[in-house]
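Take 1 as the starting number for the sequence shown in UniProt numbering and just add one per residue. This report refers to the structure that appears directly beneath it.
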Amino acid sequence: MKENKCYPEKANLKDIMDFYFQMCSLEVNCETVGIMAATLANGGICPITGQQVIDTHSVRDVLSLMHSCGMYDYSGQFAFKVGLPAKSGVSGTTMVVVPNVMGICLWSPPLDSYGNSVRGVQFCEELVRVFNFHHYDNLRHTTQKRDPRRQKYETKGLKIVGLLFSAASGDVTAMRRHYLSGMDMGQSDYDGRTALHLAAAEGHLECVEFLLKVCGVDHKPQDRWGHTPLDEAHAFGHSDVAEFLEKWESMRDEDINTYKDADTQLAPRKLSHTSVQPIVIDKKILD
Numbered sequence: 001m002k003e004n005k006c007y008p009e010k011a012n013l014k015d016i017m018d019f020y021f022q023m024c025s026l027e028v029n030c031e032t033v034g035i036m037a038a039t040l041a042n043g044g045i046c047p048i049t050g051q052q053v054i055d056t057h058s059v060r061d062v063l064s065l066m067h068s069c070g071m072y073d074y075s076g077q078f079a080f081k082v083g084l085p086a087k088s089g090v091s092g093t094t095m096v097v098v099p100n101v102m103g104i105c106l107w108s109p110p111l112d113s114y115g116n117s118v119r120g121v122q123f124c125e126e127l128v129r130v131f132n133f134h135h136y137d138n139l140r141h142t143t144q145k146r147d148p149r150r151q152k153y154e155t156k157g158l159k160i161v162g163l164l165f166s167a168a169s170g171d172v173t174a175m176r177r178h179y180l181s182g183m184d185m186g187q188s189d190y191d192g193r194t195a196l197h198l199a200a201a202e203g204h205l206e207c208v209e210f211l212l213k214v215c216g217v218d219h220k221p222q223d224r225w226g227h228t229p230l231d232e233a234h235a236f237g238h239s240d241v242a243e244f245l246e247k248w249e250s251m252r253d254e255d256i257n258t259y260k261d262a263d264t265q266l267a268p269r270k271l272s273h274t275s276v277q278p279i280v281i282d283k284k285i286l287d
């Protein structure tokens with residue numbers, strides 16, 4: 001390694017090897033390795049004592065090395081499939097770090113051809129399949145994976161807030177992203193205020209048209225005070241939005257009446273016993 005210039009020029013190779021053999025002589029168990037992993041996940045602060053035992057820059061460098069070469073020749077595939085810093089050993093131990101979340105120690109002696117724990121690798125792959133711990137899972141807006149880092153209802157609440165802020169600011173592009181992600185564009189906040197309420201109150205006609213024509217949301221939802229989007233448009237003096245909502249409401253009412261008339265005409269007639277004529281069958285035909 002020194003001949004290939006993997007060490008600085010003035011590095012003392014004897015001291016480095018001495019330190020390496022000291023590290024190899026340490027005896028640990030799953031609990032102590034788990035604490036080590038948790039310390040790295042916690043930015044160098046030991047979760048047991050609360051003391052800063054490793055410098056934050058050193059933690060970053062260690063995690064970078066674990067991510068790039070911690071699983072022997074399988075490191076590239078592990079980084080691709082799992083996307084977490086990890087270090088395996090020939091004893092069957094695997095140390096996994098989920099930054100800002102937790103540290104894990106796995107022990108299962110059967111090894112694969114790379115020298116990694118077979119069940120340890122399988123567990124890590126299953127872990128990132130269920131939870132969004134992969135380094136690039138945050139890029140998937142429509143992911144269905146669980147995120148234990150968020151409190152209950154936080155994920156849903158953030159989506160609603162993002163939708164409402166998009167409507168209030170007139171950002172049709174952001175609203176289109178919400179719609180394409182499969183989000184319910186008619187959902188409301190705690191006060192029953194929908195995106196249509198806010199778009200109408202702020203006078204964003206393009207957003208109102210998008211919500212009604214493309215998303216097909218209810219055109220007159222009521223908030224906790226009984227106000228509809230049309231009421232909001234009138235209250236804040238947005239005549240163009242109010243005019244559009246009034247026309248939309250009248251068209252919807254006409255469509256409903258048309259459907260009702262069609263249903264009435266197509267409804268089956270009730271027949272009495274006297275209106276039903278018995279079927280007479282010629283016995284000669286039967287014979």
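Beta carbons are placed, not taken as given, at the ideal position from N, Cα and C, and that holds for glycine. Computed from a predicted structure; not experimentally measured.
DSSP-derived helix/strand/coil call for Gly103
strand
Could you tell me whether the stretch 198–208 touches the stretch 238–251, using the rule of 3 or more Cβ pairs below 8 Å?
yes
Have a look at Glu249 and Gly226 and give me their C-alpha separation to the nearest angstrom.
17 Å
In three-state DSSP terms, what is Lys220?
coil
Just list the beta strand (DSSP E) runs in the stretch 56–140, keeping only unbroken ones of 3 residues or longer that don't cross its boundaries, in chain order.
86–88, 93–98 and 102–107
Do the CB positions of Leu40 and Gly103 come within less than 8 Å of each other?
yes
Same chain only: Cβ atoms within 8 Å of Gln51, ignoring 5 sequence neighbours per side
Ile45
Pairing CB atoms from the stretch 116–126 with CB atoms from the stretch 64–74, are three or more of them under 8 Å?
yes
Per-residue burial, Glu232 [other beta carbons within 10 Å of its own, 16 or more giving buried]
buried
Quick check on the burial criterion: 16 or more other C-beta atoms within 10 angstroms. Buried or exposed for Phe19?
exposed
In terms of DSSP beta bridges, what is Ser188 paired with?
Thr194
Contact set for Val33: own chain, Cβ-Cβ below 7 Å, skip 5 residues either direction
Thr93, Met95 and Cys105
Taking only three categories from DSSP, how would you classify Arg252?
helix
Compare the Cα-Cα distances from Met175 to each of Leu212, Lys220 and His134 and report the closest residue.
Leu212
What's the gap between the Cα of Arg177 and the Cα of Gln187?
16 Å
Relative to the alpha-carbon of Leu230, which residue among Ala79, Ala195 and Val82 has its alpha-carbon at the smallest distance?
Ala195
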